[in-house]
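K.L.:
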Ligand SMILES: [Zn+2]
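In full-length UniProt numbering, the protein residues as written are 1 to 156.
1) Between residue 68 and ligand 1, is the CB less than 7 Å from at least one heavy atom?
2) For residue 60, which three-state DSSP category applies?
3) Need the endpoints of the beta strand (DSSP E) that residue 40 sits in, please.
4) Apart from the five residues just before and just after residue 148, which ones in its own chain have a Cβ nearer than 8 Å to its Cβ?
5) Look at residue 70 and residue 82 and say whether their C-beta atoms are less than 8 Å apart.
6) Suppose you measure from the CA of residue 39 to the CA of residue 51; what does that come to, to the nearest Å?
7) May I ask you to check if the CB of residue 32 is nearer than 7 Å to at least one heavy atom of ligand 1?
8) Quick one: what's residue 54 bridged to in DSSP?
9) What whole-angstrom Cβ distance do residue 66 and residue 41 have, given they're in contact under 8 Å?
10) Taking the alpha carbon of residue 68 as the reference point, which residue from 103, 123 and 29 has its own alpha carbon closest?
11) What is the rounded straight-line gap between the Cα of residue 141 and the Cα of residue 150?
12) Would you say residue 55 and residue 37 are within 8 Å of each other, going by their C-beta atoms?
Written as structure tokens, this is what we have:
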């Protein structure tokens, strides 16, 4: 059972680490235990009968084995396509992230501008109120001056 699981998932990780496929495949590569890898055949639904190289210690009772995995049918095109897809996805992810960042920046700027406008409006309102008050004060002052001068004139 573990055999099937092993042959399905590491293909993706081997496509992601560029080191495993960038180099041209040697006929009999060594696994991570530095032992020549063994040729086996996949039993998964996606890759039935596809040859792959794995650790030769796998399935040997009592012995630890490594997770070395490599398709052995020389289908580098497939791996390259996968890698290209992955690169494309990563690129678009980066672009999306950049766009999102830009949008965030724009939103922050817009918020700031709204705040500034609100502040300016508030300032204008305050000024209006102050103008009103000072006009009223000026009126009161003149009324007071007139009353005082009338009083002075009448008291003479
Ligand atoms: Zn090994």
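Beta carbons are placed, not taken as given, at the ideal position from N, Cα and C, and that holds for glycine.
P.N.:
According to the structure data:
1) yes
2) coil
3) 38-41
4) none
5) no
6) 7 Å
7) yes
8) 38 and 69
9) In fact, because the Cβ distance is near 19 Å, the residues do not count as touching under 8 Å.
10) 29
11) 14 Å
12) yes
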